[in-house]
Structures are given as C-alpha cells and as structure tokens.
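Protein sequence lines correspond, in order, to chains A and B.
For the first sequence, this note's numbering gives the first residue as 122, with consecutive numbering after it.
For the second sequence, this note's numbering gives the first residue as 14, with consecutive numbering after it.
Heads up, the beta-carbon is just placed ideally off N, CA and C, and yes, glycines get one too.
Nothing here was measured: the structure is a model prediction, and the numbers come from that model.
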Amino acid sequence: MIRPAAGARFAPGDAVRVQDMEKEGHVRTPDYTKGKPGWIAEVLGAFPNPESLAYGGDGLPEKPLYKVGFRQADLWDGYGGSPEDVLFIDIYEHWLEPRE
Amino acid sequence: MSDHDHPHKEPQHERSPWAARIRAVEELLEERGVFTKEEIEAQVEYMEARTYENGARLVARAWVDSTFKERLLSDTKAAAMELGLDASGPVEFLTVENTDEVHNVIVCTLCSCYPRAILGRPPDWYKSFAYRSRVVVEPREVLREFGLELPKGKRIAVHDSSADLRYLVLPQRPEGTEGMSEDELAALVTRDSLIGTDVPRTAREASRV
C-alpha cells in the first residue's frame, strides 16, 4: 500500500502550475510541462525525494506526489487532437506552485 | 576484456558498442564487489519469468469479477498478489480503466518506466525516442500507426509515468465475449493493450488464430 501523504499542500481539483525552473539534478519534470497550467487529479502518496535518492541520499523527508492533469491544448501550441484530450503526469509537490 | 571466467552465455554475433560498454560496467561492478554474478543472474531470471500474460490474467479476472476490478483499480499490488503474482518490492502500480468515454495510453518520456515486476520487460518500441516523444504530442496519430483507430468522440488520456508509479491499462472487455471463460478472456488480451497502443482481440479474431 502506498503511504498516504500527510500534510499534502494541495488537494484534488486545485489549480497548479509546474515551476518553470532550471534546476540541476534529478528533477523529474519533463520540459514540456514546465510553466504549464494543470490541476491536481489525485494525491498519490508520499515517496522519497528523487533529488536526494539519485545522489545516494536517503530521500528524506518524503515528498507528496501528485497526479497532475493537463489539457493537451495547454501543453502544445496548435495541438491537433480533440480539445477534450488530457495528459496526466506524476509530479512532486516541491516542483509545483499554486495557480490563481 | 578481463580474464576471469564467464558463466554468462556469450552472444554469437558481434557485440554492439552499447552491449560491450554495459558488459564492461558489469565486470567492474562485479570486480569491486558491488554485486555478484549470481545476483545478476537472479535478476535476469526474475525478469525473464515475467510476461504480459500476468497482466492478461489481471484483466480477465477484473472482467469477470467486479469486486476484484475495484481492488485492481484501488490497489494494483494487492490485486496482483491475490492472483499469486509476486509484485512485492518497493515499486507501486496504478491501473487506469478504459471506458466508452476515455482511452488511456502509457508512456515514460524521461526514460522507460514500465511495470516490469508484473509484465516483465517492455517492448523495444516503448523505449524508443520516437514513441516517447511523439505519443505525448500526437497520441491519435501514433495509435493509428499501431493500427488502432479510436472513435472520433473518444477522449485520449496520456499517462506520462515520470515518477514512482508504474501504470497498467485495464482495457474494455470486447463485445460478444459473454460466456467465455476467464482463461479464454485472458487469451484476448494483448501485450500492447496493457499499454494502450492496442485493444484486446475480439472473440471472432481469436477464433481465427
């Protein structure tokens, strides 16, 4: 069972944006999501911080992981598919920011 | 090449530079005691023992047992264990359900994350740059190239498995399969339908095989 993310900052439905950061290290946010508006689809749980794990660290404290949803039309200029198409990607809390 | 004994089967054809490099790294790690040859062999066996047919069993059970389906969607690892599949280990899974409204397809754009502990090794195309870069941008076109033409009104949900969960697709049960046994249903489930680049065979297609 996945460990619940106690103290998660975001809840399902919250409007978020992936931080548009140029940070070195094991930041698992593909470029195409950076700066893009999405929403919290699901709070997935708490996992060790990959930025620490990737360099031999203990990954602690664990970070809340979210399934973040995006409208494809918000990700790609001139997206050719249905306006209903969506993309989900799992992103850690400290790589997200709230959106008005 | 080092001069110690190799229990591994040597390839019959010439090694690619990549394979040679991997072998060299493997030898170094062995020599320095990071892990042993036996541990590598055990890991290879673990991986070879897993195939997409495990996923097909999960799907077939979910098709015939709605409470199992609920468990599969809420806790994939527990559902797998219930069928005797050893999905223990630190990796977590999430199963996403295809419906009349939405078709799911899985990718890992950053590397090649795949539910290996259940399905074994991914197909080579899953790891290709072309699939990983294109399916997020033009999923409908990519699926068409796989031979899968989705109804116009159906929404596509791409799941980029970029972090700590590994994804499986629960495809829709084909029409006309009422009365089929669980084993017969499992035989309809293709590997690619568990990734979302295919849908299960119909009963008629299966009878032609």
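Excluding sequence positions up to five away, which residues of its chain have a Cβ less than 8 angstroms from the Cβ of residue i?
i	result
Gly177/A	none
Val149/B	Val120, Thr122, Val171, Asp173
Asp211/A	Leu165, Leu186, Tyr187, Lys188, Val189
Ala91/B	Arg84
Pro182/A	Asn170
Give a yes or no on whether 8 angstroms exceeds the smallest Cβ distance from residue i to chain A.
i	result
Arg168/B	yes
Asp16/B	Because Asp16/B carries a pLDDT of 48, less than 50, the predicted location of this residue cannot be relied on, and no value is offered for it.
Thr122/B	yes
Leu207/B	no
Please work out which residues of its chain come closer than 7 angstroms, Cβ to Cβ, to residue i, disregarding the five sequence neighbours upstream and downstream, and give them in chain order.
i	result
Ala176/B	none
Arg220/A	Ala136, Val137, Arg138, Pro158
Cys126/B	Ser174, Arg179
Gln193/A	Tyr200, Gly202, Asp206, Val207, Leu208
Gly46/B	none
Ala93/B	Leu71, Ala100, Ile131
Asn67/B	Leu98, Ile131, Leu132
Arg74/B	Phe81, Leu96, Glu195
Gly180/A	Pro169, Asn170, Ser173, Leu174
Glu162/B	none
Below 9 angstroms on C-beta distance, what does residue i contact in chain B?
i	result
Ser203/A	Arg153, Lys165, Gly166, Lys167, Arg168, Ile169
Pro229/A	A query on residue 229/A cannot be resolved here, the shown segment of chain A reaching from 122 to 221 and no further.
Report the neighbours of residue i on chain B: residues whose CB is nearer than 8 angstroms to its CB, in chain order.
i	result
Tyr213/A	Ala176
Trp197/A	Val150
Can a CB atom of chain B be found closer than 8 angstroms to the CB of residue i?
i	result
Asp206/A	yes
Tyr176/A	no
Phe226/A	Because chain A spans 122 through 221 in this model, residue 226/A falls outside it and cannot be assessed.
Leu186/A	yes
Leu165/A	yes
Phe209/A	yes
Identify, in the order they occur along the chain, each residue of the same chain with its Cβ nearer than 6 angstroms to the Cβ of residue i, setting aside the five sequence neighbours on each side.
i	result
Pro128/B	Phe106, Arg179, Leu181
Val202/B	Ala69, Val72, Pro213
Val77/B	Glu195
Val155/B	Arg147, Val148
Lys155/A	Val139, Asp141
Ala126/A	Val164, Gly166, Ala167, Pro185
Contiguous alpha helix (DSSP H) assignments of at least 4 residues, all confined to the segment 64-134 of chain B: You should have 65-77, 79-87, 89-95, 129-132.
Quick check for students: name the residue ranges of the beta strand (DSSP E) that lie wholly in the segment 150-199 of chain A, counting only runs of 3 or more. DSSP runs (the beta strand (DSSP E)) wholly in the segment 150-199 of chain A: 158-168, 184-192.
Validate contact between the segment 95-104 of chain B and the segment 167-176 of chain B using beta carbons, cut 8 angstroms, 3 pairs: No contact exists between the segment 95-104 of chain B and the segment 167-176 of chain B.
Stretch-stretch touch, CB-based, cutoff 8 angstroms, three pairs: the segment 197-206 of chain A with the segment 186-196 of chain B: The segment 197-206 of chain A vs the segment 186-196 of chain B: no contact.
How do the segment 55-72 of chain B and the segment 82-98 of chain B stand: do at least 3 beta-carbon pairs fall below 8 angstroms, yes or no? Contact annotation: the segment 55-72 of chain B touches the segment 82-98 of chain B, with at least three C-beta pairs closer than 8 angstroms.
Please give the ranges of any beta strand (DSSP E) in the segment 159-196 of chain B, keeping only runs that are unbroken, at least 3 residues long and fully inside the region. For the segment 159-196 of chain B, whole beta strand (DSSP E) runs of length 3 or above, ordered along the chain, are 168-173, 178-183.
Could you check whether the segment 162-169 of chain B touches the segment 31-50 of chain B, counting it as contact only if at least three pairs of C-beta atoms, one from each stretch, sit closer than 8 angstroms? Output reads no: the segment 31-50 of chain B does not touch the segment 162-169 of chain B.
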